[in-house]
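Going down the list, the sequences are from chains F, W, L and Y.
By full-length UniProt numbering, the letter at position 174 of the first sequence is numbered 174, and the numbering carries on one by one without gaps.
By full-length UniProt numbering, the letter at position 236 of the second sequence is numbered 236, and the numbering carries on one by one without gaps.
By full-length UniProt numbering, the letter at position 38 of the third sequence is numbered 38, and the numbering carries on one by one without gaps.
By full-length UniProt numbering, the letter at position 302 of the fourth sequence is numbered 302, and the numbering carries on one by one without gaps.
Structure first, commentary second.
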Amino acid sequence: MKAQRNVWGEEILSLARSDDRVLVLDADLATSTQAVQVATELPDSFVELGIAEANMVGVAFGLTTLGYRPWLSTFGVFLTCRALDQIRMMVSQTNAPVRLAGAYAGLLNGSSGKTHQDIQDLATMRAMPNMTVLVPADEFELAAMMPWIADHDGPVYVRVARDAVEPVFDADYRFSPGRVHVLRQGDDVTLVSTGVQTSRVIEAAGLLAEDGIEAKVVHVSSLKPIDEDGLVEAIGASPLVVTVEEHSVHAGLGGLVAEILSGRGGPRVVRHGLEDRWSESAPNDFLLDKYGLSPRRVADRVAQALGARSHGPRVTAG
Amino acid sequence: MKAQRNVWGEEILSLARSDDRVLVLDADLATSTQAVQVATELPDSFVELGIAEANMVGVAFGLTTLGYRPWLSTFGVFLTCRALDQIRMMVSQTNAPVRLAGAYAGLLNGSSGKTHQDIQDLATMRAMPNMTVLVPADEFELAAMMPWIADHDGPVYVRVARDAVEPVFDADYRFSPGRVHVLRQGDDVTLVSTGVQTSRVIEAAGLLAEDGIEAKVVHVSSLKPIDEDGLVEAIGASPLVVTVEEHSVHAGLGGLVAEILSGRGGPRVVRHGLEDRWSESAPNDFLLDKYGLSPRRVADRVAQALGARSHGPRVTAG
Amino acid sequence: MRTTQQEEASPQELHGALDTQALEKIARRVRWLIISTVANSKAGHIGGPLSAADMLVALYFNEMSIDPSQPHAPDRDRFILSKGHCSIGLYSVLALRGYFPVEELATFDHGGSRLQGHPDMKLTPGVDASTGSLGQGLSAGLGMAIGAKKLDRDFHTWVMLGDGESEEGQVWEAVISAPRFGVDNLTAIFDVNGLQQYGWPAQERDRFDRSEPLGHVDLEAVLTGFGWNVLTVDGNDFGQILSAFDQVRAWHGTSGKPTAIVSRTSKGQGISFTQGVFKWHNGVATPEQLAQARHELLGNDPEGELQ
Amino acid sequence: MRTTQQEEASPQELHGALDTQALEKIARRVRWLIISTVANSKAGHIGGPLSAADMLVALYFNEMSIDPSQPHAPDRDRFILSKGHCSIGLYSVLALRGYFPVEELATFDHGGSRLQGHPDMKLTPGVDASTGSLGQGLSAGLGMAIGAKKLDRDFHTWVMLGDGESEEGQVWEAVISAPRFGVDNLTAIFDVNGLQQYGWPAQERDRFDRSEPLGHVDLEAVLTGFGWNVLTVDGNDFGQILSAFDQVRAWHGTSGKPTAIVSRTSKGQGISFTQGVFKWHNGVATPEQLAQARHELLGNDPEGELQ
Ligand SMILES: Cc1ncc(C[n+]2csc(CCOP(=O)(O)OP(=O)(O)O)c2C)c(N)n1
Ligand SMILES: Cc1ncc(C[n+]2csc(CCOP(=O)(O)OP(=O)(O)O)c2C)c(N)n1
Ligand SMILES: [Mg+2]
Ligand SMILES: [Mg+2]
């Protein structure tokens with residue numbers, strides 16, 4: 001069981017060794033993102049740029065005009081929020097092969113709290129033309145994605161989680177863009193999840209099984225592109241879909257699934273994720289439990305949705 | 001028929017005259033946004049901050065701590081993209097009463113082209129906790145929203161269109177947050193639209209009627225909060241819903257409607273908006289036509305959706 | 001401007017309440033609270049809080065007009081920790097100053113705590129602005145200073161930034177625009193401690209040494225060129241700090257310019273094994289290291305038994 | 001680095017190809033193309049393109065190693081118009097220089113045109129970077145300069161910024177970091193034309209006059225303080241421009257520092273009714289104004305009949 005950031009550090013080092021188009025650009029977080037492995041082992045492939053994320057994106061674009069394919073090392077939130085305009089104009093609009101490695105995105109960031117949590121990145125990046133959006137489940141899926149990203153001609157946003165989770169895949173995993181993965185069968189409900197949350201969702205499915213509820217688990221790690229038919233097929237005749245994500249309930253994975261299903265008829269969708277609020281700094285378990293992403297809380301939410309299928313009148317708060 | 005930006009200029013001047021908490025903060029675009037009216041008539045209520053949108057958001061936050069309720073004057077894209085991190089931490093996370101007046105958002109910006117178009121703002125702002133997201137249809141709705149915004153205790157993002165459209169409402173219009181408006185009845189299809197696009201959608205409904213298709217038109221100007229039940233009720237038993245917006249097809253109004261309906265069962269939803277690509281600089285009519293938002297193109301899309309209800313296999317491009 | 005919704009209260013005037021010896025003693029306790037609290041919470045920043053500790057103590061114990069029992073008093077001086085990752089330094093000072101019990105530091109970073117990883121003005125008494133994403137605090141302070149001028153309110157706004165943080169462009173947006181507003185009620189303290197989290201390798205040392213974030217910049221010349229008053233001090237020397245504050249007070253309301261204090265410090269200052277070591281940007285001390293820090297900072301000072 | 005996918009071609013060396021009189025003549029034609037094209041398209045910027053026209057002409061006709069028939073030649077010098085709203089100035093120069101037909105200017109801003117409102121490197125031959133959202137071009141240029149150093153490629157990268165644009169923090173992020181990389185192959189030209197789009201009111205004039213964006217800043221001192229070579233020129237004087245270029249060329253590959261040219265110009269330069277008038281940031285000339293501009297710029301020059 002290995003943390004994605006460590007895998008990212010190792011893989012980026014090995015990519016840089018074999019491909020001289022690879023550069024790692026750092027915004028003073030190499031020791032957190034693990035880009036430090038490149039900095040110490042292969043200093044010529046490492047470019048420190050200091051705490052200036054906007055400038056880093058522009059520099060990355062400039063480097064692509066000479067054939068380089070730079071990977072950016074910083075926290076996801078300082079890419080997708082701090083440098084969004086730069087990503088938009090210099091990377092997305094020019095379709096430049098810049099790799100945005102969004103570290104520590106989502107809820108879990110080692111007690112840094114809400115200022116460091118990116119719970120909007122999937123919304124923002126999904127709406128960005130030309131952008132590929134990848135959210136790997138575990139160390140193996142991330143490792144398999146990286147050579148694909150390295151070769152991809154356009155920009156890519158990929159989430160890299162801080163902490164380790166129980167793996168979902170193994171060393172034989174092969175990445176195929178757009179592909180949707182059915183990880184568990186079950187007729188009562190389909191849980192659609194992304195990123196390291198999928199590991200916790202599988203655990204939740206186990207909890208549900210103890211109560212006699214059989215949940216299918218669908219993992220979507222390639223939010224863009226996505227095999228829409230594959231998703232519809234994976235969900236099949238499931239009477240209920242619950243999406244689960246370390247992201248706002250608005251406009252993220254849940255939004256994506258709702259958008260796809262709403263074009264097809266199909267089952268009722270319940271979206272589960274961070275309710276529309278900011279969080280706090282605390283240990284991971286506390287956060288997962290309080291904010292509803294622990295296996296237990298996910299299981300409870302699904303049980304509740306299966307029990308109470310009609311909502312009363314509701315105006316969501318602004 | 002008056003452009004929203006002119007109405008915004010007049011209304012903000014009158015608000016500033018009567019409420020000394022009102023300040024207008026400008027990032028060197030007062031002559032475009034029409035904040036210039038406050039600058040010349042009421043200079044003490046006007047604060048120029050130059051071409052530095054990130055700083056402007058921080059200054060606005062600082063002013064709220066002294067009881068001010070600042071309105072920001074710049075193009076939407078330079079708020080929701082350039083200053084997203086600042087909005088996130090200083091405005092959204094603190095729930096500060098900053099008013100983000102996103103001028104020229106959407107497709108139409110007087111030939112400035114894609115660098116000035118904000119086609120992601122609804123995705124980004126919807127996923128922002130505490131944020132109210134308003135997209136008025138015309139001069140009357142904007143004018144009616146402004147006193148409400150001025151009194152609202154939290155942050156508000158409001159789109160202000162550059163050019164005039166045929167009004168949808170009149171001087172008697174009263175704004176009520178969350179409310180969904182049924183502007184036209186019709187049993188064959190429901191068109192859900194937002195902002196100044198609604199005016200063009202009503203025209204499109206007229207075109208459809210000529211072909212014997214009766215479209216209901218539902219206008220959603222308060223994306224957050226939104227009366228979810230009201231939306232479901234407004235759509236009623238309509239066999240098809242087509243959402244139409246000057247925004248990416250991903251994660252905007254279409255995403256919102258899909259999210260709400262997917263929690264309720266209900267009709268198939270087709271989302272119409274900017275396909276996942278960047279646009280160009282050109283006159284409005286050219287843009288509306290080429291990018292599918294003219295009444296004619298909207299009408300054609302609806303007719304096509306009604307004719308061909310099942311899609312073949314499709315992988316959306318990344 | 002209506003200010004009716006705000007409570008009316010007068011903060012305490014403090015200038016010169018304590019001498020440098022008394023301040024040094026408090027600063028040692030603050031340093032102990034920093035390293036011990038982070039050890040207790042098993043995560044947190046060390047080097048930046050330690051370099052800034054003396055400045056924070058001087059501000060809160062000897063300079064700012066504040067009243068810990070009235071953290072929202074309208075005419076209090078404001079302080080913004082723009083380098084928000086150094087929160088534990090601020091929290092330790094606020095606790096000792098009486099804003100909340102010192103015991104509460106034990107909840108730092110814990111779920112449900114008022115003491116978040118990064119300062120949250122909505123939760124912590126005494127925190128005037130939420131920070132954590134670097135580079136944003138000076139803009140907020142500028143807004144407060146402009147507002148005070150508009151409303152004819154006499155308080156002073158202080159903002160502390162890191163030298164690494166000053167690589168952020170937004171800092172310079174605020175620096176460029178501030179002189180437009182004649183905000184001689186605004187002071188930016190640049191805590192130039194010579195290190196950031198990782199940064200650039202040092203030119204002529206081994207690869208584990210790092211170069212100064214602004215080492216190639218003549219910070220005083222730049223700030224002067226942008227139209228600011230500039231003072232330079234050894235920011236770990238209370239004598240120099242207090243003289244600078246005297247000058248700031250003299251310029252308040254008179255100079256027509258914002259003031260920058262270039263505060264040259266050492267990262268990790270005050271504890272032998274953290275000082276100047278870039279890896280102590282953050283970290284958790286071992287029990288042995290804690291014991292050593294305690295000895296170096298408190299010796300046999302019984303009042304050190306604060307936690 | 002693999003560069004096989006790039007075509008191999010040598011750009012032309014130009015230094016000193018034309019004298020100042022020839023350049024002035026071209027510049028007058030460029031100014032005419034600017035105001036007439038914008039009038040034709042009924043929207044566009046005027047003041048900024050006019051202030052920058054001489055510098056652009058000097059670069060493209062006398063300084064840069066380029067070949068219009070090979071706009072992607074790997075060793076060409078690069079130019080980035082960071083103040084992208086001045087696109088029509090660049091397009092006019094590129095057209096006269098032979099990158100595309102002058103007639104194509106008539107499509108400026110029209111639907112489907114290769115000449116977008118703001119420069120689009122994917123559409124327009126000769127445009128090296130897409131710009132339009134201000135403050136981003138110097139970062140892109142820094143990336144190109146760093147890349148050239150890494151690959152041992154000898155071209156020079158030029159970036160032009162506005163004085164209003166220089167209020168953007170990202171400009172200063174690039175300024176602060178550039179000296180770290182010894183990029184003496186990078187030159188930033190600050191077109192200090194004294195006006196932005198709206199900006200601050202002038203202190204002692206009527207309310208329709210505006211103050212200079214960087215009027216309170218000692219730009220030379222600031223850039224020097226950040227570690228740059230700094231040159232100041234009258235940017236509407238070809239003699240001074242060419243001398244500055246000589247110095248830049250001498251420093252290329254030798255000085256170890258990036259160079260800034262503080263180019264002091266007038267906004268709207270060269271046409272009597274636009275010069276120094278902030279409202280001519282953008283605008284469409286009336287037929288009478290067009291006739292007057294034409295007379296002032298071209299007199300009876302038949303070669304002026306370019307459009
Ligand atoms: C916008 C942003 N980018 C990156 C970070 C991550 N980060 C936290 S502290 C730090 C280094 C700060 O260095 P400096 O400002 O010198 O602080 P000090 O030395 O006082 O700790 C970094 C990069 C952040 N909090 N915000
Ligand atoms: C980030 C951003 N903010 C605002 C604008 C809108 N805008 C276009 S030009 C301009 C003024 C530019 O002034 P300056 O840089 O001095 O250019 P010049 O005087 O050469 O025209 C502004 C505010 C923009 N294009 N980008
Ligand atoms: Mg530091
Ligand atoms: Mg200018």
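Every residue, glycine too, gets a C-beta built ideally from N, C-alpha and C.
Everything numeric in this text was worked out from a predicted model, so none of it was measured.
Rounded to the nearest angstrom, what separates residue i and residue j at their Cα positions?
{"i": "alanine 103 of chain F", "j": "threonine 80 of chain F", "result": "11 Å"}
{"i": "aspartate 285 of chain F", "j": "serine 193 of chain W", "result": "42 Å"}
{"i": "leucine 261 of chain F", "j": "valine 232 of chain F", "result": "7 Å"}
{"i": "threonine 31 of chain W", "j": "proline 213 of chain Y", "result": "16 Å"}
{"i": "tryptophan 251 of chain Y", "j": "alanine 60 of chain F", "result": "25 Å"}
{"i": "aspartate 187 of chain W", "j": "methionine 145 of chain W", "result": "30 Å"}
{"i": "lysine 42 of chain L", "j": "valine 284 of chain L", "result": "6 Å"}
{"i": "histidine 311 of chain W", "j": "leucine 256 of chain W", "result": "Caution applies to histidine 311 of chain W, whose pLDDT of 36 falls short of 50 and renders its modelled position unreliable; the value that the coordinates give is listed next. Cα to Cα, the separation comes out at about 22 Å."}
{"i": "arginine 296 of chain W", "j": "valine 133 of chain W", "result": "28 Å"}
{"i": "isoleucine 34 of chain Y", "j": "glutamine 21 of chain Y", "result": "20 Å"}
{"i": "glutamine 34 of chain F", "j": "asparagine 6 of chain F", "result": "6 Å"}
{"i": "leucine 13 of chain F", "j": "aspartate 151 of chain F", "result": "15 Å"}
{"i": "arginine 159 of chain W", "j": "glutamine 197 of chain W", "result": "12 Å"}
Given 8 Å as the limit, tell me if residue i has its C-beta closer than that to any heavy atom belonging to ligand 2.
{"i": "glutamine 197 of chain Y", "result": "yes"}
{"i": "leucine 90 of chain Y", "result": "no"}
{"i": "arginine 82 of chain W", "result": "yes"}
{"i": "proline 213 of chain Y", "result": "yes"}
{"i": "alanine 52 of chain Y", "result": "yes"}
Below 9 Å on C-beta distance, what does residue i contact in chain Y?
{"i": "glutamate 24 of chain L", "result": "None at all; the shortest Cβ gap to chain Y is about 34 Å."}
{"i": "histidine 116 of chain W", "result": "Gly117, His118, Gly132 and Ser133"}
Kindly examine ligand 3 and report whether one of its heavy atoms sits closer than 8 Å to the Cβ of residue i.
{"i": "glycine 137 of chain Y", "result": "no"}
{"i": "glycine 194 of chain L", "result": "yes"}
Is it the case that the CB of residue i approaches a heavy atom of ligand 4 more closely than 8 Å?
{"i": "aspartate 163 of chain Y", "result": "yes"}
{"i": "lysine 224 of chain F", "result": "no"}
{"i": "aspartate 191 of chain Y", "result": "yes"}
{"i": "lysine 122 of chain Y", "result": "no"}
{"i": "serine 113 of chain L", "result": "no"}
{"i": "lysine 150 of chain Y", "result": "no"}
Taking 8 Å as the cut-off, is the CB of residue i close to at least one heavy atom of ligand 1?
{"i": "aspartate 209 of chain L", "result": "no"}
{"i": "alanine 39 of chain F", "result": "no"}
Starting from residue i, find everything on chain F with Cβ-Cβ shorter than 9 Å and list it in chain order.
{"i": "tyrosine 91 of chain L", "result": "Going along chain F, no residue has its Cβ under 9 Å from tyrosine 91 of chain L, so there is no contact; the nearest lies around 12 Å."}
{"i": "residue 329 of chain W", "result": "The requested residue 329 of chain W is not part of the displayed model; chain W covers only 1 to 318."}
Cβ closer than 8 Å: which chain Y residues qualify as neighbours of residue i?
{"i": "proline 179 of chain L", "result": "His216"}
Going along chain F in order, which residues have a C-beta closer than 7 Å to the C-beta of residue i?
{"i": "tryptophan 278 of chain W", "result": "Gln93 and Pro129"}
{"i": "leucine 151 of chain Y", "result": "Leu66"}
Practice problem: Report the residue ranges of all alpha helix (DSSP H) runs contained in full by the region 164-215 of chain L; include only those spanning at least 4 residues, in chain order. | Solution: Taking only runs of at least 4 residues, the alpha helix (DSSP H) segments lying wholly in the region 164-215 of chain L are 169-177.
Exercise. Starting from the N-terminal side, write out each stretch of the alpha helix (DSSP H) that is 4 residues or longer and does not extend beyond the region 75-155 of chain L.
Key: Runs found: 87-97 and 137-151.
Practice problem: Only counting runs of 4 or more residues, tell me where the alpha helix (DSSP H) segments fall wholly within the region 213-298 of chain W, in order along the chain. | Solution: Runs found: 228-235, 253-262 and 284-290.
Quiz item: Which ranges would you report for the alpha helix (DSSP H) in the region 105-169 of chain W if only whole runs of at least 4 residues count?
Solution: Entirely contained in the region 105-169 of chain W, the alpha helix (DSSP H) runs reaching 4 residues are, in chain order, 121-126 and 139-151.
Practice problem: Only counting runs of 4 or more residues, tell me where the alpha helix (DSSP H) segments fall wholly within the region 236-302 of chain L, in order along the chain. | Solution: Counting whole runs of 4 or more residues, the region 236-302 of chain L contains the alpha helix (DSSP H) stretches 238-251 and 287-298.
Practice problem: Can you check the region 22-78 of chain Y for any alpha helix (DSSP H) of at least 4 residues that lies completely inside it and give the ranges in chain order? | Solution: With a minimum length of 4 residues, the continuous alpha helix (DSSP H) runs that stay inside the region 22-78 of chain Y are 47-58.
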